[in-house]
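Numbering-wise, the numbering used here puts 332 at position 332 of the sequence shown, and it's gapless, one number per residue. Taking it in order: structure first as structure tokens, then the write-up.
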Amino acid sequence: MIDKIVTGVNDALYTYILIIILVLTGIYFTVRTKFAQFRLFPQQIKAVTEKPKDKKGVSSFQALMVSTASRVGTGNIIGVSTAICLGGFGSVFWMWVIAIIGGATAFIESTLAQIYKRKGSDGFHGGPAYYIETGLRSKWLAVVFSVCLVLTYGVGFNMLASYNLQSTFSAYNFYDPNTTPWIIGLVLAVIVGYCLFGGGKRIAKVTSVLVPIMGVAYILVALVITLMNAKMLPEVFSRIFSEAFDFGAIFGGFGGSCIMYGIKRGLFSNEAGVGSAPNASASAEVDHPVQQGLVQVLSVFIDTLLVCSATAFMCMCSGIEPTKALSGAPFVQAALLTTLGEVGPVFITAAMILFAFTTLIGNLYYVEQSMFFMLKRKPGKAFSTIYYIIASLVIFIGAGLSADLLWGIADITMGVMTIINIPVIIILGKYALRALDDFDKKCKSGKEMTFHVQDIGLPHETDCWR
């Protein structure tokens with residue numbers, strides 16, 4: 001019964017509501033920003049390399065790494081595989097579309113997070129909850145959004161990341177579906193719990209170094225596999241575009257079409273418009289809010305156009321035909337096994353371990369930011385202890401649950417966040433657009449990059465930029 005309810009809600013969300021909202025919003029902001037995600041690419045690179053004036057402050061690069069740690073995770077491997085197996089090669093094209101137009105949406109929400117950020121004793125805090133409360137003067141809606149974020153990232157996505165990680169071990173002989181998922185879930189829960197309780201700073205530091213290396217290695221391996229199977233590329237591209245525009249098949253069964261799976265997995269992966277990344281964007285210390293908005297455009301492109309595409313071509317060029325039975329980790333592992341032999345599945349397992357771990361930590365960072373907003377202070381020791389135990393238990397339980405149910409729950413909670421966030425950024429977007437105009441003028445004139453909220457006629461009280 002739960003499966004039927006979750007499926008019904010998802011069908012309503014992703015067959016009509018979210019597709020229309022995301023596509024129209026992305027197109028609207030792409031036009032209003034004059035294609036900022038493309039024309040300001042040099043400024044994106046420049047912004048991400050600049051260091052904060054306060055050496056103790058969070059840099060744009062560090063904020064980018066936090067949001068990318070959450071974005072680039074198990075969904076880039078398992079999610080893409082699932083989309084191809086269930087929606088066909090055409091779903092890859094629609095993932096690209098969502099990333100390209102979604103970059104403009106990500107720019108607006110992260111620029112707003114910078115404009116409305118608040119100064120705390122331990123740095124800056126901000127995100128949708130803050131610009132909802134200040135810009136719309138709606139405390140209750142800000143709290144609802146925060147609760148949805150906690151459910152999405154603290155429960156849905158973390159359970160899903162745990163399941164995705166343990167599913168990669170199914171390719172090995174020792175895997176027992178009745179016991180292995182729970183053992184892996186327990187080990188993962190203990191490690192994450194150890195980090196949350198403050199004893200794992202060394203692990204977190206080592207992982208922050210290993211994951212970028214693993215991300216580059218992952219893309220390089222995918223590139224090597226694609227080149228090894230270069231003769232398949234013409235057929236792969238032909239299938240991507242022919243299936244993407246096979247409208248007879250699409251509208252004959254839209255609920256399981258390439259458009260639906262492409263948008264769902266693209267949204268799950270790059271999170272543009274969801275309202276998660278702005279929580280990290282607000283923490284950065286920059287000279288102008290637009291700079292951090294541009295950095296988040298870069299994060300969307302890295303996530304979908306690089307990492308997701310790497311998984312897609314690695315699988316599609318292997319010659320293994322996707323089926324529902326192979327959906328998820330088995331398809332990726334079968335693709336690598338065909339090309340690289342026994343080393344392939346081991347590589348994917350190693351990548352999943354690192355990606356899943358940073359996803360879990362990144363997601364819990366978003367949860368802590370929401371907790372800070374709702375409590376208006378750092379949680380006390382007793383509250384934090386209970387929260388850390390619950391967060392670890394969620395990871396443990398997620399490892400042994402149904403993948404379909406987990407995908408469904410995560411899709412619903414993320415969808416609700418999006419439905420709240422998108423109308424808000426459309427209402428408040430005029431201030432981000434004014435900030436963009438101010439940024440463009442200063443770039444053209446060569447003036448020093450400064451910003452004050454009075455320059456854009458912001459009528460709301462803010463802690464910063466005055």
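Idealized CB from N, CA, C, for every residue including glycine.
Boundaries of the beta strand (DSSP E) around glycine 120: 118 to 120. Comparing C-alpha distances from lysine 441 to each of Ile17, Ile2 and Leu40 shows the shortest one belongs to Leu40. Linking glycine 156 to lysine 447 through their CA atoms gives a straight-line distance of about 46 angstroms. If you ignore the 5 residues before and after isoleucine 132, its C-beta comes within less than 7 angstroms of the C-beta of Ser138, Leu141, Ala142, Phe145 and Val424, all in its own chain and listed in chain order. Between the C-alpha atoms of tyrosine 366 and lysine 231 there is a straight-line separation of about 43 angstroms. By a beta-carbon distance limit of 8 angstroms, isoleucine 20 does not contact cysteine 315. Their separation comes to about 29 angstroms.
Below 8 angstroms, too few C-beta pairs join the region 97 to 104 and the region 337 to 356 to call them touching: fewer than three. In terms of Cβ geometry, glycine 400 and glycine 185 form a close pair [threshold 8 angstroms]. In the DSSP assignment, phenylalanine 373 falls outside any beta strand (DSSP E) and within the unbroken alpha helix (DSSP H) covering 343 to 375. By the criterion of at least three beta-carbon pairs nearer than 8 angstroms, the region 386 to 397 is not in contact with the region 167 to 176.
In the three-state reduction of the DSSP assignment, alanine 277 falls in the coil class.
Membership of glycine 123 in any alpha helix (DSSP H) is not indicated; the residue belongs instead to the beta strand (DSSP E) covering 123 to 125.
The three-state reading of DSSP puts alanine 106 in helix, counting H, G and I together. Secondary structure at alanine 410: helix, using DSSP grouped into helix, strand and coil.
Per DSSP, reduced to three states, the secondary structure at alanine 335 is helical. Taking one beta carbon from each stretch, the region 106 to 113 and the region 291 to 303 have 3 or more pairs nearer than 8 angstroms; the two touch.
Classified as exposed, histidine 452 has fewer than 16 neighbouring CB atoms from the shown chains inside 10 Å of its CB. If you check the CB distance, alanine 432 and threonine 304 do not come in under 8 angstroms. By the Cβ rule, the region 83 to 97 does not count as touching the region 10 to 18, because fewer than three pairs are nearer than 8 angstroms.
Cβ neighbours of serine 327 within its own chain (closer than 8 angstroms, five residues either side excluded): Ser81, Thr82, Cys85 and Leu86. Only exposed fits valine 190, as fewer than 16 other CB atoms lie within 10 angstroms of its CB. Taken through DSSP and simplified to helix, strand or coil, alanine 161 comes out as helix. In the DSSP annotation of this structure, the continuous segment of the alpha helix (DSSP H) that includes isoleucine 20 starts and ends at 18 to 32. Within the same chain, and ignoring the five residues on either side of aspartate 463 in sequence, the residues whose Cβ sits closer than 8 angstroms to its Cβ are Lys117, Arg118 and Lys119.
By the neighbour-count criterion, in which 16 or more other beta carbons inside 10 Å mark a residue as buried, proline 42 falls on the exposed side.
For arginine 434, same chain residues with a beta-carbon under 6 angstroms away, outside a window of 5 residues either side, are Ile456 in chain order.
Shown here, alanine 432 sits in a helix according to DSSP, grouped into three states. Here DSSP, grouped into helix, strand and coil, assigns alanine 284 to strand. In this structure, the straight-line span from the alpha carbon of alanine 272 to that of methionine 95 is close to 12 angstroms. Around the CB of isoleucine 17, fewer than 16 other CB atoms lie within 10 Å, so the residue is classed as exposed.
For tryptophan 465, the three-state secondary structure derived from DSSP is coil. Within the same chain, and ignoring the five residues on either side of threonine 226 in sequence, the residues whose Cβ sits closer than 8 angstroms to its Cβ are Leu233, Phe313, Met314 and Cys317. Methionine 228 and threonine 338 have their C-alpha atoms spaced approximately 11 angstroms apart. By the Cβ-count criterion, valine 31 is exposed, with fewer than 16 other Cβ atoms from all chains shown falling within 10 Å of its own Cβ. For threonine 7, the enclosing alpha helix (DSSP H) covers residues 2 to 12.
Excluding sequence positions up to five before and after proline 289, its CB lies within less than 7 angstroms of the CB of Thr111, Gln114, Ile115, Ala435 and Phe451, all in the same chain and listed in chain order.
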